[in-house]
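The next block holds one structure in the form of structure tokens; read it before the comments.
In the UniProt record's numbering, the protein residues as written are 1 to 909.
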């Protein structure tokens, strides 16, 4: 069945300006090129209701100017009065977080600052840097309430500038496998969906671009977000059905980091995305176990994405991903912190003999990930006083009960391993044992890659590669199933275990893309050091969000190479975390409950700060009995078992098709042209914006200055040979400190600085060196006050230093003969009849962009490009530009003066 040409839909509302009158707010949104505009009208005369009007019309720039001019003229106090403006510009923004109401009127929350954090196939991922919260009703209709200000402070305690991310074109709530699987839907399915959209849509602009010319149409696809990982779903609930979908911007909470792995100059981007669940969310001791719907505390889905950045397109590029999950033990359990003990006792709150909540939790996982579900339980098995073992015994009983109803090939796999006991033993290597577990896990689940196995793996197969699980399809491989790791807190031990599994998966991903000859990576290589740094940033950020401190037990701890100087800080860190959990977590929990809409203020109800507990807010079965009871034996959702091991969410069926919005465009339309979105040829480029994403680079930050003849990032190096160590060992003459501002985590307050997890295992006392406080920005040069010598850092190195050879040397005769033979082979094998290729599209860009494939291999991305011909007028403009650069300016004509005058009037007046 043929696969359609499809691309993700790009939101056309990326720049916003809020204009204000006494009666209304006018929110004007535009695309980056400012060629298409939409307008929202927000009524300010309603004291408590939200009245929003979206006319669904797409305006041009001229039409918007005329509209704003008429509004300005019509809202002046006196007609013809130029001194007082009837329409004032309130704020500029980049997106709407949502609308919220407490006891008075509604507020609108706008994103006013953003920062680019990562790039996946040209799709930018931004971090929220600052927001603005604006009260909608005007002062004349405002009905004041004495508790409104307190609710506002509680809501704003959720720091939106810390670890919240969004994208205009990439669905962050879904995995890369899901997003690319949707784009590869069969052609007939997309045609059917497009027809249904046209028939059922009441929005006349839903069909824009459907009248494309034959042969050059591209389907634009937008999927419904996975609400479990969307943190502003409740804030957008009031307007979701009233406005065009381009106004809706979904944000996730967690972590996003990206690093560049250079393999002999070939850029490979390693991206780590963590999605924190918005269900049963909260702080460490206040949210444990599961709620009645199967949502667990501290549930985070971590995805590592690997792709070749030299080819940007989703359809032509090489992309790979691997997903794993962490989360609290899915039982009814808690810890009472009122006793003021460092390790409060674990109590089981409710008996659950039929594993009801565990069944709901694993049913969600089967729908999203398929089978097998693998549980890696890292809690302690042997204790003098029964503490963590309580959870292990109950979890084993629940898994055993649920497995007896599943087919054996899809049974839940349970792996218990007492990581703390192995850490204390001097004879056991923790990471070696974790590596064995990681190999078996990755072989069972497989990983995602969007291209078939390379020819080298077919010609020289590896034994480990042939044993790999997952699902092999014509377009590549799919990950089926997932690893679920947990300890008690799901922080330190869990992060190390996830790193080892991720390291194993990374080797398979690199092998599948043809970048290494065996699916195996060694420690102390540049690639693994880069990946370890990324994972420690990831662990620090998630630990700050849930536990109030950064990680203590890192990978170095379990490798037993931690510096002894870090041991003295553990006591202070433990006390700091204990203080945070005992005194500040309650306020943070109230803020999260209010932000996520778990608690909704209302007149006549107790206030949020008056509630003795939030238990009934998160457990809906305490307020009323459910009318439908889940089966004790058939505990999975109908239809899930039929498609296993594939995840039900990725299967092409009627239920999943209803979650998609499908439109048809010409291939050069802005809504689906990611090349235009990424490079933005209509904007004046500046270095600050072009190079705003400063990511860690394996060559610059990890490779030694003098690598001789082996610049490979997969070569094992001694610790004192790395790039960071060379910088750190310089004397007074040259002293540099690598400071990396952690992109994902905001700097913690002094009382919450890097604190130990008291519930984690007691072994190991490592943290990172004091010099490397965080990991995500460019090097900063620091001058020694005792030495007046000017310090410089040689960033640009010669090819002799980097690659071990001087590229300016003349090649030998043997090398030239080999190259000539290679060229002749390519000419004889790769030639194609160019005259037989006809391009029937009538779009003007089709005559400019001509890509002719010249490779016999279907997976190669080798094209011959015909340069476009410039007309006479363009040549004259270019020559005039050259002359102007030399100082020979042409006299300006009348049209030039009129155009400049119009520009000044529109821009500044």
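Backbone N, C-alpha and C define an ideal beta-carbon position, used for all residues, glycine too.
(request) Would you decide whether residue 351 is buried or exposed? Buried here means 16 or more other CB atoms lie within 10 Å of its CB. (result) Locating residue 351 in the chain shown gives position 351, where the first residue counts as 1. Exposed, since its Cβ has fewer than 16 Cβ neighbours within 10 Å.
(request) With DSSP as the reference, label residue 74 as helix, strand or coil. (result) As a working mapping, residue 74 is identified with position 74 in the chain shown. Helix at residue 74.
(request) Report, in whole angstroms, the separation of the C-beta atoms of residue 414 and residue 436, which I expect to be a contact under 8 Å. (result) Counted from its first residue, the chain shown places residue 414 at position 414. Counted from its first residue, the chain shown places residue 436 at position 436. Contact flag wrong, Cβ pair sits at about 16 Å.
(message) Count Cβ pairs between the region 94–114 and the region 53–69 that sit closer than 8 Å; are there 3 or more?
(response) no
(request) Compute the distance between the beta-carbons of residue 628 and residue 405, then report whether it is under 8 Å. (result) As a working note, residue 628 is residue 628 in the chain shown. As a working note, residue 405 is residue 405 in the chain shown. Not in contact: residue 628 and residue 405 (Cβ atoms no closer than 8 Å).
(message) Among 884, 315 and 430, whose alpha-carbon lies nearest the alpha-carbon of residue 450?
(response) On the chain shown, position 450 is the one that residue 450 refers to. With distances taken between Cα atoms, residue 450 lies closest to 315.
(message) Can you check which of these residues, 38, 22, 21 and 20, is closest to residue 28 by C-alpha distance?
(response) The count along the chain shown starts at 1 and reaches residue 28 at position 28. The residue with the shortest Cα to Cα distance from residue 28 is 38.
(message) Looking at the secondary structure, which residues open and close the alpha helix (DSSP H) in which residue 499 lies?
(response) Along the chain shown, one-based indexing puts residue 499 at 499. Its alpha helix (DSSP H) spans residues 492–512.
(request) Decide if residue 904 is buried, meaning its Cβ has at least 16 other Cβ atoms within 10 Å, or exposed. (result) By one-based count along the chain shown, residue 904 stands at place 904. Per the 10 Å Cβ criterion, exposed.
(request) Might you give, ordered along the chain, the residues of its own chain that have their beta carbon closer than 6 Å to the beta carbon of residue 12, omitting 5 neighbours on each side? (result) What you label residue 12 is simply residue 12 of the chain shown in a count that begins at 1. Counting only Cβ-Cβ distances below 6 Å, and skipping sequence neighbours, we find 31, 36 and 246.
(message) Assuming the contact rule is C-beta atoms closer than 8 Å, residue 546 and residue 298 should be a hit. Round their C-beta distance to whole Å, please.
(response) By 1-based counting over the chain shown, the position of residue 546 is 546. By 1-based counting over the chain shown, the position of residue 298 is 298. That belief holds up - the Cβ atoms of residue 546 and residue 298 are roughly 5 Å apart, short of 8 Å.
(message) Please identify the residue among 644, 893 and 131 whose C-alpha is closest to the C-alpha of residue 92.
(response) Taking the first residue of the chain shown as 1, we reach residue 92 at position 92. Comparing Cα-Cα distances from residue 92 to each of 644, 893 and 131, the minimum goes to 131.
(request) Return the CA-CA distance between residue 276 and residue 882, expressed in angstroms with no decimal places. (result) The sequence position of residue 276 within the chain shown is 276, counting from 1. The sequence position of residue 882 within the chain shown is 882, counting from 1. Spanning the two alpha carbons is a distance of roughly 54 Å.
(message) Please identify the residue among 668, 8, 293 and 166 whose C-alpha is closest to the C-alpha of residue 274.
(response) Your numbering for residue 274 matches position 274 in the chain shown. The shortest C-alpha separation from residue 274 is found at 166.
(request) Report the residue from 47, 100 and 87 whose alpha carbon sits nearest the alpha carbon of residue 140. (result) As a first step, residue 140 is located in the chain shown; it is residue number 140 there, counting from the start. Of the listed residues, the one whose Cα sits closest to residue 140 is 47.
(message) Run through the DSSP bridge pairs and tell me what residue 364 is partnered with.
(response) If you number the chain shown from 1, residue 364 lands on position 364. Residue 364 is not bridged to any residue.
(request) From the DSSP output, in three-state form, read off residue 417 for me. (result) One-based indexing of the chain shown puts residue 417 at position 417. It is coil, neither helix nor strand.
(message) Please state the DSSP three-state secondary structure of residue 590.
(response) As a first step, residue 590 must be located in the chain shown, where it is residue number 590. Residue state, collapsed to three classes: helix.
(message) Considering only heavy atoms of the ligand GDP, does any lie closer than 7 Å to the CB of residue 43?
(response) Among the components modelled here there is no ligand, and therefore nothing to report on the ligand GDP.
(request) Using the DSSP secondary-structure output, state which residues sit across from residue 222 in a beta bridge. (result) For this step, residue 222 is matched to residue 222 along the chain shown. Paired residues: 661.
(request) Just grab the DSSP bridge partners of residue 8 for me. (result) The residue labelled residue 8 in the question sits at position 8 within the chain shown. For residue 8, which the question treats as bridged, DSSP gives the partners 221.
(message) I need the straight-line Cα distance from residue 755 to residue 554, nearest angstrom please.
(response) Numbered from 1 along the chain shown, position 755 holds the residue referred to as residue 755. Numbered from 1 along the chain shown, position 554 holds the residue referred to as residue 554. Because residue 755 carries a pLDDT of 34, less than 50, the predicted location of this residue cannot be relied on, and the following value inherits that uncertainty. Straight-line Cα distance between these residues: approximately 13 Å.
(message) Measuring straight from C-alpha to C-alpha, what distance separates residue 479 and residue 318?
(response) Within the chain shown, numbered from 1, the residue matching residue 479 stands at position 479. Within the chain shown, numbered from 1, the residue matching residue 318 stands at position 318. In a straight line, the C-alpha of residue 479 is about 16 Å away from that of residue 318.
(message) Which residue wins for smallest C-alpha separation from residue 550, given the options 537, 557 and 559?
(response) Here residue 550 refers to the residue found at position 550 when the chain shown is read from its first residue. Here the closest residue by C-alpha is 537.
(message) Between which two residues does the alpha helix (DSSP H) holding residue 430 run?
(response) Residue numbering aside, residue 430 sits at position 430 when the chain shown is read from its first letter. Residues 430–445.
(request) Return the CA-CA distance between residue 16 and residue 129, expressed in angstroms with no decimal places. (result) Stepping through the chain shown from its first residue, residue 16 is reached at position 16. Stepping through the chain shown from its first residue, residue 129 is reached at position 129. Between residue 16 and residue 129, the C-alpha separation is close to 16 Å.
(message) Let me make sure I understand the geometry here. Which of 342, 484, 239 and 410 has the alpha-carbon closest to that of residue 301?
(response) On the chain shown, position 301 is the one that residue 301 refers to. Ranking 342, 484, 239 and 410 by Cα distance to residue 301 puts 484 first.
(message) Can you tell me where the alpha helix (DSSP H) holding residue 158 begins and where it ends?
(response) If you number the chain shown from 1, residue 158 lands on position 158. No alpha helix (DSSP H) contains residue 158, which DSSP labels as neither H nor E.
(request) Just the C-alpha distance for residue 751 and residue 471, rounded to the nearest angstrom, thanks. (result) The residue labelled residue 751 in the question sits at position 751 within the chain shown. The residue labelled residue 471 in the question sits at position 471 within the chain shown. Reliability fails at residue 751, whose pLDDT of 35 lies under 50, so the model's placement of it is uncertain and the value that follows must be treated cautiously. Between residue 751 and residue 471, the C-alpha separation is close to 48 Å.
(message) Measuring alpha carbon to alpha carbon, tell me which residue in 497, 172 and 684 is nearest residue 271.
(response) Here residue 271 refers to the residue found at position 271 of the chain shown. If we check each option's Cα against that of residue 271, 172 comes out closest.
(message) According to DSSP, is residue 598 part of a helix, a strand, or is it coil?
(response) One-based indexing of the chain shown puts residue 598 at position 598. Coil.
(request) Spell out a yes or no on whether the region 693–705 and the region 529–543 are touching, meaning 3 or more CB-CB pairs, one atom from each, closer than 8 Å. (result) yes
(request) For residue 309, I'd like the list of residues in its chain whose CB is within less than 6 Å of its CB, leaving aside the five on either flank, ordered along the chain. (result) Taking the chain shown and counting its residues from 1, one reaches residue 309 at position 309. Only 267 and 269 meet the Cβ criterion.
(message) Excluding the 5 residues flanking residue 100 on each side, which residues of the same chain have their C-beta closer than 6 Å to its C-beta?
(response) Translated into positions along the chain shown, residue 100 becomes position 100. Closer than 6 Å at the Cβ level, and outside the excluded window around residue 100, lie 107 and 235.
(message) Taking the alpha carbon of residue 400 as the reference point, which residue from 359, 124, 429 and 422 has its own alpha carbon closest?
(response) Sequence index remark: in the chain shown, residue 400 carries index 400 (1-based). Here the closest residue by C-alpha is 359.
(request) Could you spell out the range, first to last residue, of the alpha helix (DSSP H) harbouring residue 464? (result) Reading the chain shown from its first residue, position 464 is the one you call residue 464. 463–466 is the span of the alpha helix (DSSP H), which, as asked, contains residue 464.
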